[in-house]
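S.K.:
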Amino acid sequence: MFEAKTHLSALVERALAGEEIVLTRHGEPVARIVPYAPPTPAPRVFGAFAHLLPEGADLGRVKDPLPKAELRLWQAQAEALDAGGAVAGAPSGMAPVGEPPVGGAPIGEALVG
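Going by the working numbering, the sequence shown opens with residue 1, and the numbers climb by one from there.
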């Protein structure tokens, strides 16, 4: 191991040239130096979570654009949140982002004893 410490740069160069360097301690292999190879991402599989959907779920709807009325509802809710207001249909007690819930302490204060 001492020799590996003193010659690490040269060992790395040898590994980059294709040689596999095996480090030993008391004659037993303990580690190896090899060139770095970035991991290859696993291929994405369409429908990998299909088993979590209710039986007979229609995935074709995912490709369809939102109906105009539903799109307007989403846009109105986003604008209300951006303006710091409440969202229509949200459970009571929900507060705009960054504010404590109705009747509650600001986040973090409840954790301090």
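Built from N, CA and C at the ideal position, the CB exists for glycine as well.
(1) Can you check which of these residues, 73, 75, 21 and 80, is closest to residue 1 by C-alpha distance?
(2) Between 5, 78 and 52, which has its C-alpha nearest residue 24's C-alpha?
(3) To the nearest angstrom, how far is the alpha carbon of residue 54 from that of residue 34?
(4) Answer yes if the segment 6-19 comes into contact with the segment 27-44, meaning at least three C-beta pairs across the two stretches below 8 Å, and no otherwise.
(5) For residue 84 and residue 56, what's the separation of their Cα atoms in angstroms?
(6) According to DSSP, is residue 4 helix, strand or coil?
(7) Terminal residues of the continuous alpha helix (DSSP H) containing residue 73?
M.R.: Walking through what the data contain:
(1) Walking along the sequence shown from the start, residue 1 turns up at place 1. For the residues 73, 75, 21 and 80, the minimum Cα distance to residue 1 belongs to 21.
(2) On the sequence shown, position 24 is the one that residue 24 refers to. With respect to the C-alpha of residue 24, the residue from 5, 78 and 52 having the closest C-alpha is 5.
(3) For the purposes of this step, residue 54 is taken as residue 54 along the sequence shown, with counting starting at 1. For the purposes of this step, residue 34 is taken as residue 34 along the sequence shown, with counting starting at 1. Distance between the alpha carbons of residue 54 and residue 34: 48 Å.
(4) Yes: at least three Cβ pairs fall under 8 Å.
(5) Numbered from its first residue, the sequence shown carries residue 84 at position 84. Numbered from its first residue, the sequence shown carries residue 56 at position 56. Going from the Cα of residue 84 to the Cα of residue 56 covers about 39 Å.
(6) Here residue 4 corresponds to residue number 4 of the sequence shown, with the count starting at 1. Shown here, residue 4 sits in a helix according to DSSP, grouped into three states.
(7) Numbered from 1 along the sequence shown, position 73 holds the residue referred to as residue 73. Bounds of the alpha helix (DSSP H) holding residue 73 are 68-82.
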